[in-house]
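Under our numbering, the first residue of the sequence shown carries the number 2, and numbering increases by one thereafter.
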Amino acid sequence: MANGGDKTKRHPIRIVARRTGLSRDVLRAWELRYGVVAPERTTGGQRLYSDADIERLRLIQEALEAGRRIGQLAELSSDELRRLVDEDRSAGAPGGSAVRAQSGNGKVTQAFLTESLAAVREMDAPRLEAILSRAAVAVGASQLIDHVITPLMIEIGALWSEDELTPGHERLATAVVRRTLDSIRVAVQHADGPSLVVATPAGQHHEIGALLAAAAAAASGWRVVYLGAELPAPSIATAVDMTGARAVALSIIFPTDDPDLPDELRSLRRQLSDEVLLIVGGRGVAGYRSVIEEIGALWLPDAPGLRAALDLVSATNGSDRHR
């Protein structure tokens, strides 16, 4: 992979995302689909990257912004990438300025995240809604989903578990976030895009992961059929048949040990055609890993936005929509 630079794998993915301006979902998609870098895994499953990996990712991002394609870039060594980027810079390609702008967006989204959490702490719903609306205009739907709303809800959950926030704080935030995500999904819905059914399976009451997936899919060019929470397998399968969906995205958050859920997932897989990709994600997905692997579903344990999944769905269906 990278030639030169410190190759010691020591940076977690959150640091890599911050330094490159790439979302965690994009990083995972590039790794899975193109093998652009090869992070090590700790015994707990955490990805660790080197300085050389980060440099390589920055080079690829700049080359992409100059108009090149990821499939071409993934095959190049880091030295070859460096020469290519230097050529593009000399020719006046826009990549460098775009990467700097993206890095700047990281500071902007962090500011919006900080403001949002403060509004939640004060239980100020109108203020939170206004902050998220401003963020959507300032950084766009994808950045809002990946770098403001998703980390906000994760942080709220962590603070709730530590008794620093109450269930009331969480419900207030969820209500505002739901309105924001619904607004995004409706505004950017693509009537002629490929169809994706999004839901939570029977027994899964928490809907925020599915809402994030639906909004992210719509922002990425998909026609989303959003079914909401706690849908039994036959209802989901019927929706797929009626809409011609190419994929189903399920969110699993809690409970993480439902004894009925494995059979529910098996039933859904049996009712879907082989051409329909089943994606399962969310913070509670690790508890069902064995059945997810058994039924051949795409397992995404920690990608709330599911942008990587959408990229992989396109790849599975022979599409190049997002390039």
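The beta-carbon is built from N, C-alpha and C at its ideal position, and this holds for glycine as well. Source: prediction; values computed, not measured.
Can you check which of these residues, Leu160, Arg90 and Asp193, is closest to Ala119 by C-alpha distance?
Leu160
Just curious, the beta strand (DSSP E) that Glu1 is in, first and last residue?
The structure shown has nothing for residue 1, since the chain only spans 2 to 324.
Could you check whether the segment 160-176 touches the segment 214-223, counting it as contact only if at least three pairs of C-beta atoms, one from each stretch, sit closer than 8 Å?
Verdict: no, contact absent.
Would you mind listing the alpha helix (DSSP H) stretches within the segment 186-266 that are 4+ residues and don't spill past its ends, in chain order?
Runs found: 209-220 and 234-244.
What are the start and end residues of the alpha helix (DSSP H) that includes Val281?
DSSP places Val281 in no alpha helix (DSSP H) but in the uninterrupted beta strand (DSSP E) bounded by Leu278 to Gly282.
In the DSSP assignment, the beta strand (DSSP E) including Arg48 goes from what residue to what residue?
Membership of Arg48 in the beta strand (DSSP E) is indicated by the continuous run Arg48 to Tyr50.
Which partner residues of Pro13 appear in the DSSP bridge assignment?
Leu49
Whole angstroms is fine: what's the gap from Ile237's alpha carbon to Ser196's?
13 Å
So Ser134 is in the alpha helix (DSSP H); what residue range does that whole segment cover?
Ala126 to Leu145
Who are the Cβ neighbours of Ala94 in its own chain at under 6 Å, not counting the five residues just before and after it?
Any reading at Ala94 is ruled out, since the residue's pLDDT is 49, under 50, leaving its predicted position unreliable.
Relative to the alpha-carbon of Asp147, which residue among Arg25, Leu273, Val281 and Ala287 has its alpha-carbon at the smallest distance?
Arg25
Classify Arg69 as helix, strand or coil using the three-state DSSP reduction.
coil
Between the Cα of Ala139 and those of Pro152, Phe113, Arg179 and Ile150, spot the shortest distance and give me the residue it belongs to.
With distances taken between Cα atoms, Ala139 lies closest to Phe113.
Count Cβ pairs between the segment 222-230 and the segment 186-203 that sit closer than 8 Å; are there 3 or more?
yes
Roughly how far, in whole angstroms, is the beta-carbon of Leu251 from the beta-carbon of Val281, given that I think they are within contact range, below 8 Å?
Approximately 5 Å separates the beta-carbon atoms of Leu251 and Val281; this is inside 8 Å, confirming the contact.
Can you check which of these residues, Ala92, Leu266 and Leu60, is closest to Thr21 by C-alpha distance?
Leu60
If you measure between the beta carbons of Ser262 and Leu279, is that distance less than 8 Å?
The residue you asked about is not Ser; residue 262 is Leu in the sequence shown. No, these two residues do not count as a Cβ contact at 8 Å.
Less than 8 Å between the C-beta atoms of Ala126 and Leu173, yes or no?
Taking a C-beta distance under 8 Å as the contact criterion, Ala126 and Leu173 qualify as a contact pair.
According to DSSP, which residues form a beta bridge with Trp300?
Val281
For Glu76, does the three-state DSSP call read helix, strand or coil?
coil
Less than 7 Å between the CB of Met124 and some heavy atom of the ligand SAH, yes or no?
This structure lacks the ligand SAH, and indeed carries no ligand of any kind.
Mind checking who Arg42 pairs with in its DSSP beta bridge?
Arg48
So is Gln144 buried or exposed if we call it buried at 16+ other beta carbons inside 10 Å?
Result: buried.
Thinking just about the alpha-carbon of each residue, which of Pro235, Pro152, Val189 and Leu273 is nearest to the one in Arg284?
Pro152
Can you give the Cα-Cα distance for Leu33 and Ala75, rounded to whole angstroms?
12 Å
Using a 10 Å radius around the Cβ and a threshold of 16 neighbouring Cβ atoms, would you call Ile16 buried or exposed?
exposed
Go ahead and pull the three-state DSSP assignment for Gly36.
coil
Can you tell me whether Gly245 is buried or exposed? The criterion is at least 16 other CB atoms within 10 Å of its CB, across all chains shown.
exposed
Just verifying my parser: in three-state terms, what is the DSSP assignment at Leu273?
Note: Leu273 maps to coil in three-state DSSP.
When the Cα of Ala248 is compared with those of Pro235, Glu276, Ile254 and Thr239, which residue comes out closest?
Glu276
Count the other C-beta atoms from every protein chain shown that fall within 10 angstroms of the C-beta of Gly210, then say buried if there are 16 or more, exposed otherwise.
So Gly210 ends up on the buried side.
Of the choices Gly45, His206, Ala188 and Gln62, whose alpha-carbon is the least far from that of Trp223?
Answer by Cα proximity: Ala188.
Thr151 lies in the alpha helix (DSSP H); which residues open and close that run?
Looking at the DSSP string, the run of the alpha helix (DSSP H) that includes Thr151 is Thr151 to Ser162.
Would you check if the distance between the CB atom of Glu41 and the CB atom of Leu49 is smaller than 8 Å?
yes
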